[in-house]
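Undergrad: Residue numbers (our numbering): 3 to 268. Just so it is clear, CB atoms sit at the ideal spot from N, CA and C, and this is done for glycine as well. Since we're looking at a predicted model, the values are computed, not measured.
#1: Could you work out which residue in 117, 255, 5 is closest to residue 173 when comparing CA atoms only?
#2: Could you round the C-beta distance between residue 108 and residue 65 to whole angstroms and report it? I think they count as a contact, below 8 Å.
#3: Is it buried or exposed, residue 102, if we count other Cβ atoms within 10 angstroms and call 16 or more buried?
#4: Tell me the residue span of the beta strand (DSSP E) that contains residue 137.
#5: I believe residue 268 touches residue 253 by the beta-carbon criterion, under 8 Å. Please report the beta-carbon distance rounded to the nearest angstrom.
#6: Which of the three DSSP states, helix, strand or coil, is assigned to residue 2?
#7: Kindly indicate which residue of 138, 67, 149 has the alpha-carbon position closest to the one of residue 261.
#8: Return the bridge partner residues of residue 270 from the DSSP annotation.
#9: From the DSSP output, in three-state form, read off residue 71 for me.
#10: Select from 206, 246, 151, 238 the residue whose C-alpha is nearest the C-alpha of residue 218.
#11: Just to confirm before moving on: does the CB-CB distance between residue 251 and residue 257 stay below 7 Å?
#12: What separation, rounded to the nearest whole angstrom, lies between the Cα atoms of residue 104 and residue 129?
#13: Which residues in the same chain have their Cβ closer than 6 Å to the Cβ of residue 82, if we skip the five residues on either side of it in sequence?
Quick look at the structure:
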């Protein structure tokens, strides 16, 4: 149920974040006709939205292939399932350490981490929430420039919004630790002793490298690394491959879906 709520799979046409505004999905309507009909229907709580032509919206949400307007996460059900399985593995195997995501957007994945710990009655681990809370910076490296996301306001989710999302699910407590700022500045000095799970979602080469460089040495043997953008963003993949080669990381990379991957530290 929580996964469906965080992805909004269970509210595709009636999202609570829309104040119970229902969506009418249409094809081919443009311009003034849409505006006139929208004005009339808005008094009844309806909103016209474009129908997805090439893929069912549920499939897009399942694979994390759209940018949902209200959901707390855009990683989709497949990557959420992987996160769930990864948490279960490290808990079942007694791998010591905390859980972290670097690059959290609206906080859906870290909210799920905290929920999983609560469901298991775990009180001696923290969930670290690391983000600039200002969106992505302008790409400074050539490898990142084709994927520069600094101009996307929808990615700039402030800290108070993420805190409010935790609170909405009753999961904002002392086990949730926020790390605000650019990774190169914050992660090397964050008071993290040991990690059992490291989830990377920083998009860029630079952000991915900074997170691996600061945090992978703190990952306990048997701990799990998840990389959200490995199959989608060239800079992210290059950073992971270079770090693994430089530090002789030979554990096999396992694919989650079209973009997400994970491996387990030996």
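TA: Let's see:
#1: It is 117 whose Cα lies nearest to the Cα of residue 173.
#2: The pair is not a contact, with the Cβ atoms about 18 Å apart (cut-off 8 Å).
#3: Buried: at least 16 other Cβ atoms inside 10 Å.
#4: Element bounds for residue 137: n/a, residue is neither H nor E.
#5: Contact holds; Cβ gap of about 6 Å.
#6: Limits of the chain in this structure are 3 at one end and 268 at the other, which puts residue 2 out of reach.
#7: When C-alpha distances from residue 261 are compared across 138, 67, 149, the shortest belongs to 67.
#8: Only positions 3 to 268 of the chain appear in the structure, and residue 270 is not among them; the question remains open.
#9: Secondary structure of residue 71 (DSSP, three-state): coil.
#10: Closest option to residue 218, judged by alpha-carbon separation, among 206, 246, 151, 238: 246.
#11: Not closer than 7 Å, so no.
#12: Roughly 11 Å between the two C-alpha positions.
#13: Same-chain partners within the cutoff: 5.
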